[in-house]
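*Asks:*
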Amino acid sequence: MKLLSKYNRVNIAATILVLLVGGLSYYYILRVVLIHQLDKDLKVEEQEVKDHVKQNNNLPKAASYRDQKVVFEPTELPVIKRKVSSINIYDTAEDEDRQGRQLVFSIESAGKNYKVTITKSQQETEDLIQLIVMLTLGIVVLLLVTLFIINRFVLNKLWLPFNNTLQQLKQFNLSNTTAIQLKNSNINEFKELNAAVTAMSNSVLKDYGALKSFTENASHEIQTPLAVINSKLELLMQSENFSEQQMQYIQNIQEEISRLSKLNQSLLLLTKIDNQQFKDTEKVDVAAVINKHLDNYEELITAKEIALTKNISSESIVVMNKTMAEILVSNLITNAIKHNIEKGTIEIIADREQLTVKNTGPALSADPNELFERFKKDKVNSESLGLGLSIVKKICEQYNFKVDYNYANGLHTISVNF
Amino acid sequence: MKVLIIEDEKALSESISTYLKAQDYICETAFDFNTAIEKTELYEYDCILLDITLPGGSGLAILKALRENNKTDGVLIISAKNSIDDKVEGLVSGADDYLSKPFHLSELSARIAAIIRRKNFGGNSIIQFNNITIDTQARTAAVNKTTLDLTKKEFELLLYFISNKRRVISKTAIAEHLWGDEMEGNLDFIYTHIKNLRKKLQEAGSADYLRSVYGMGYKFTDT
Numbered sequence: 006m007k008l009l010s011k012y013n014r015v016n017i018a019a020t021i022l023v024l025l026v027g028g029l030s031y032y033y034i035l036r037v038v039l040i041h042q043l044d045k046d047l048k049v050e051e052q053e054v055k056d057h058v059k060q061n062n063n064l065p066k067a068a069s070y071r072d073q074k075v076v077f078e079p080t081e082l083p084v085i086k087r088k089v090s091s092i093n094i095y096d097t098a099e100d101e102d103r104q105g106r107q108l109v110f111s112i113e114s115a116g117k118n119y120k121v122t123i124t125k126s127q128q129e130t131e132d133l134i135q136l137i138v139m140l141t142l143g144i145v146v147l148l149l150v151t152l153f154i155i156n157r158f159v160l161n162k163l164w165l166p167f168n169n170t171l172q173q174l175k176q177f178n179l180s181n182t183t184a185i186q187l188k189n190s191n192i193n194e195f196k197e198l199n200a201a202v203t204a205m206s207n208s209v210l211k212d213y214g215a216l217k218s219f220t221e222n223a224s225h226e227i228q229t230p231l232a233v234i235n236s237k238l239e240l241l242m243q244s245e246n247f248s249e250q251q252m253q254y255i256q257n258i259q260e261e262i263s264r265l266s267k268l269n270q271s272l273l274l275l276t277k278i279d280n281q282q283f284k285d286t287e288k289v290d291v292a293a294v295i296n297k298h299l300d301n302y303e304e305l306i307t308a309k310e311i312a313l314t315k316n317i318s319s320e321s322i323v324v325m326n327k328t329m330a331e332i333l334v335s336n337l338i339t340n341a342i343k344h345n346i347e348k349g350t351i352e353i354i355a356d357r358e359q360l361t362v363k364n365t366g367p368a369l370s371a372d373p374n375e376l377f378e379r380f381k382k383d384k385v386n387s388e389s390l391g392l393g394l395s396i397v398k399k400i401c402e403q404y405n406f407k408v409d410y411n412y413a414n415g416l417h418t419i420s421v422n423f
Numbered sequence: 003m004k005v006l007i008i009e010d011e012k013a014l015s016e017s018i019s020t021y022l023k024a025q026d027y028i029c030e031t032a033f034d035f036n037t038a039i040e041k042t043e044l045y046e047y048d049c050i051l052l053d054i055t056l057p058g059g060s061g062l063a064i065l066k067a068l069r070e071n072n073k074t075d076g077v078l079i080i081s082a083k084n085s086i087d088d089k090v091e092g093l094v095s096g097a098d099d100y101l102s103k104p105f106h107l108s109e110l111s112a113r114i115a116a117i118i119r120r121k122n123f124g125g126n127s128i129i130q131f132n133n134i135t136i137d138t139q140a141r142t143a144a145v146n147k148t149t150l151d152l153t154k155k156e157f158e159l160l161l162y163f164i165s166n167k168r169r170v171i172s173k174t175a176i177a178e179h180l181w182g183d184e185m186e187g188n189l190d191f192i193y194t195h196i197k198n199l200r201k202k203l204q205e206a207g208s209a210d211y212l213r214s215v216y217g218m219g220y221k222f223t224d225t
């Protein structure tokens, strides 16, 4: 939910509640005040009747208007309790009951007792209340609408610096090494946010730079001693007077050095992909890349007597980095050869949408979900480094390709969806 | 053939020069930028091995200076920085080849030989080893004028052996030379290729020069 809609929701709910409670209270208070006024009028009328009786010693003329009625009734009782009450008056003109106030009191005139009933219609009062309430409501609704519109436009405008900052953050890319440039805002909160974001992006860039040069340097520093050891071993190999055992040792050392060096290079490659150092893209003819690598590994395929089937469409063009494409294809092919069985099969299918490599091979003993993780290999003592498929996965992540693995009927299938 | 080794790592420089001297190259060494500049200005070499990171300056600067002075010495960059940028910059600046550390001395020797062959092209694209003749331009090999029917890899293997004649070459070095760095794991399949090459050579009337050195690798030798 957007901040604005959340704010509006709370705001509108509160306003409606206040409006309801306020409106009702307003109505009742107004009503009480006006009825009080009506009762005062009744009292004035009572006084007039009493004054008339006192002066003239007869009853005034019973009057009946639309909104006021005075009735005299002779009564046996000498004293009737004075009483003000609400009643319903039948309005003949409108043919319905109207609310009204009634004052009943007794009076003695010319030796006779009368019960006087003064009735006043509440109609005018009610009309007035209605008018006032409607007017007030109208103003409140108008105010609410205005507030809503102001919120909508002003808040959007107020949040503009925030949205700008957010946009910049989304576009922030470590590999192009430019710090975030933020527009100045005169709102303190945004100023603070911008300052924090700028400081963070600068320190991230600095740390990233340091990490990158560390990786490069570490790799450089490791490669040099490896190169020295390797060269010394090769010189040692040229000596004639070794026992078979010693020669075996030398070979073992050399193989391990080669392994260490490849490990180092693979890790460096993973870091480089992570750091998005392969940014240049071009239209890569995947079919050509596949054929080139199949050609290169032809002897390995025949050595294992593997039957190869190709179904490669010449239209398999993918926009990506050329080096990445080469590494991706080469890793998939060597993987299919390495983990294959003698006299097995490899099937390669490629078209515009996907590249699928199927190969025979023993079932995995490890969890297939962990297959693409670093250093996950099927057999603990396997001579493979366990980095090939994580490099494949890393490259696929880079271009949002989907990579899937499944195993069925003795066939490992890895497919990459471009 | 004169080779200048510009490499600050003395132990490595020494290994290279020992290996190359046994291949009948004349080797000189430079351990820092200034010595290297001095030597490249004063003398001419058939091939210069150039490390990029040197005390006192960058190897790429030496390369640029060479090319600005219109020197045509072959240049092979040997760098620990296996970064594509360095490789591209090096080759654009006029290096003939690029080899990243760590490398096999046999690979280095084969690359140097290839550079020198290309530099002297016109006169010498033919390599002779006893009765075996290799035409590196036409990519054919013959024994006593009988052309051998070699596959691409077998030709490369033969050329690699002759570029490192009388030296023991490890199986890893052979595998990496023929199939690239991605090769890992069991290298037994190499044996099949050696066997095929040996058979084809012998059928054409060549002596058996290929010797298996137990546990370590192979040697192409006439002694």
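These protein sequence lines are chains A and B, in that order.
The C-terminal position of the first sequence is numbered 423 in the working numbering, with every residue numbered one higher than the one before it.
The C-terminal position of the second sequence is numbered 225 in the working numbering, with every residue numbered one higher than the one before it.
For each residue, glycine too, the CB sits at the ideal point set by N, CA and C.
Nearest chain B C-beta to Val385/A closer than 7 Å, yes or no?
*Replies:* Unreliable placement is indicated for Val385/A, whose pLDDT of 49 sits below 50; the coordinate value is still reported in the next sentence. Cβ-Cβ to chain B under 7 Å: no for Val385/A.
*Asks:* Taking the straight line between their C-alpha atoms, what separation do you get for Ile40/A and Ile192/A?
*Replies:* When rounded, the distance between both Cα atoms is 53 Å.
*Asks:* Do Thr286/A and Glu11/B count as a contact pair if the criterion is CB distance below 7 Å?
*Replies:* no
*Asks:* Under the DSSP definition of a beta bridge, which residues are partnered with Gly76/B?
*Replies:* Cys49/B
*Asks:* If you reduce the DSSP assignment to three classes, tell me which class Val289/A lands in.
*Replies:* In the structure shown, Val289/A sits in a strand (DSSP, three-state: E or B).
*Asks:* Indicate whether Tyr21/B and Val5/B have their beta-carbon atoms separated by less than 7 Å.
*Replies:* no
*Asks:* By the 7 Å beta-carbon criterion, what residues does the stretch 295-308 of chain A contribute toward chain B?
*Replies:* Asn301, Tyr302, Glu304, Leu305 and Ala308
*Asks:* Identify the contact partners of Gln176/A in chain B, using a Cβ-Cβ distance below 9 Å as the criterion.
*Replies:* Result: empty, since nearest Cβ-Cβ is about 24 Å, beyond 9 Å.
*Asks:* Run through chain B and tell me which residues come within less than 9 Å of Ser236/A, C-beta to C-beta.
*Replies:* Ala13, Leu14, Glu16, Ser17, Ile18, Thr20, Tyr21, Pro104, Phe105, His106, Leu107 and Leu110
*Asks:* Starting from Thr42/B, trace the alpha helix (DSSP H) in both directions and tell me its first and last residue.
*Replies:* Phe35 to Leu44
*Asks:* Going residue by residue through the stretch 126-166 of chain B, where are the continuous beta strand (DSSP E) segments of at least 3 residues, counting only ones entirely within it?
*Replies:* 128-131, 134-137 and 142-145
*Asks:* Measuring straight from C-alpha to C-alpha, what distance separates Val385/A and Cys29/B?
*Replies:* The predicted position of Val385/A is uncertain, since its pLDDT is 49 and thus under 50; a value taken from the coordinates is nonetheless stated next. Using only the alpha carbons, I get a separation of about 46 Å.
*Asks:* Can you check the stretch 294-322 of chain A for any alpha helix (DSSP H) of at least 4 residues that lies completely inside it and give the ranges in chain order?
*Replies:* 303-308
*Asks:* Against Ile255/A, what residues of chain B qualify as contacts under a CB-to-CB distance less than 8 Å, listed in chain order?
*Replies:* Gly217 and Met218
*Asks:* Whose Cβ in chain A lies nearer than 9 Å to the Cβ of Thr149/B?
*Replies:* Below the 9 Å Cβ cutoff, chain A contributes no neighbours of Thr149/B, its closest Cβ being approximately 21 Å away.
*Asks:* Run down chain B in chain order and give the residues with a C-beta less than 7 Å from the C-beta of Ser370/A.
*Replies:* Under the 7 Å cutoff, chain B gives no residues; its nearest Cβ is about 18 Å from Ser370/A.
*Asks:* Quick check on Asn386/A: does DSSP put it in helix, strand or coil?
*Replies:* The pLDDT assigned to Asn386/A is 48, lower than 50, so where the model puts this residue is not dependable; a value taken from the coordinates is nonetheless given after this. DSSP places Asn386/A in coil when its eight states are reduced to three.
*Asks:* In terms of residue numbering, what span does the alpha helix (DSSP H) encompassing Asn199/A cover?
*Replies:* Asn193 to Met242
*Asks:* In chain B, which residues lie less than 7 Å from Ser424/A when you measure between Cβ atoms?
*Replies:* Past the boundaries of the shown model lies residue 424/A; chain A is included only from 6 to 423, so the question cannot be answered.
*Asks:* Ignoring anything shorter than 4 residues or poking outside the stretch 169-197 of chain B, list the alpha helix (DSSP H) runs there in chain order.
*Replies:* Within the stretch 169-197 of chain B, the complete alpha helix (DSSP H) runs of at least 4 residues are 173-181.
*Asks:* Closer than 6 Å by C-beta to Thr418/A: which residues in its own chain qualify, once you throw out the five before and the five after it? Chain order, please.
*Replies:* Lys363 and Asn411
*Asks:* Among all the DSSP beta bridges, which residues are the ones paired with Met325/A?
*Replies:* Glu287/A
*Asks:* Is the beta carbon of Asp48/B less than 7 Å from the beta carbon of Val77/B?
*Replies:* Note that the C-beta distance between Asp48/B and Val77/B is not below 7 Å.
*Asks:* According to DSSP, is Asp409/A part of a helix, a strand, or is it coil?
*Replies:* strand
*Asks:* So the candidates are Ser190/A, Leu337/A, Leu210/A and Leu187/A; which of them puts its Cα closest to the Cα of Asn178/A?
*Replies:* In terms of Cα proximity to Asn178/A, the closest of Ser190/A, Leu337/A, Leu210/A and Leu187/A is Leu210/A.
*Asks:* I'd like to know if Ala232/A contacts chain B, where contact means its C-beta is closer than 7 Å to some C-beta of that chain.
*Replies:* yes
*Asks:* Taking a cut of 7 Å between CB atoms, which residues from the stretch 134-167 of chain B lie near chain A?
*Replies:* Flagged, chain order: Lys155.
*Asks:* Output needed for Ile295/A: all residues of its chain with C-beta closer than 7 Å, excluding positions within five of it in sequence on either side, in chain order.
*Replies:* Ile317, Val334, Ile353 and Ala355
*Asks:* From this set, Ala38/B, His195/B, Lys89/B and Ala13/B, which residue's C-alpha is nearest Gly59/B's C-alpha?
*Replies:* For the options Ala38/B, His195/B, Lys89/B and Ala13/B, the alpha carbon positioned closest to that of Gly59/B is the one of Ala38/B.
*Asks:* For chain B, check one thing: does any of its Cβ atoms lie closer than 7 Å to the Cβ of Met329/A?
*Replies:* no
*Asks:* Is the Cβ-Cβ distance between Val170/B and Gln176/A less than 7 Å?
*Replies:* no
*Asks:* State the Cα-Cα distance for the pair Glu158/B and His298/A, rounded to the nearest angstrom.
*Replies:* 17 Å
*Asks:* Looking at the strands, I want to know which residues DSSP matches up with Ser111/A.
*Replies:* Residue pairing from DSSP places Ser111/A in a beta bridge opposite Lys120/A.
*Asks:* Quick check: what's the CA-CA separation for Leu416/A versus Met6/A?
*Replies:* 47 Å
*Asks:* Quick check on the DSSP output: the beta strand (DSSP E) that includes Asn422/A runs from which residue to which?
*Replies:* Leu416 to Asn422
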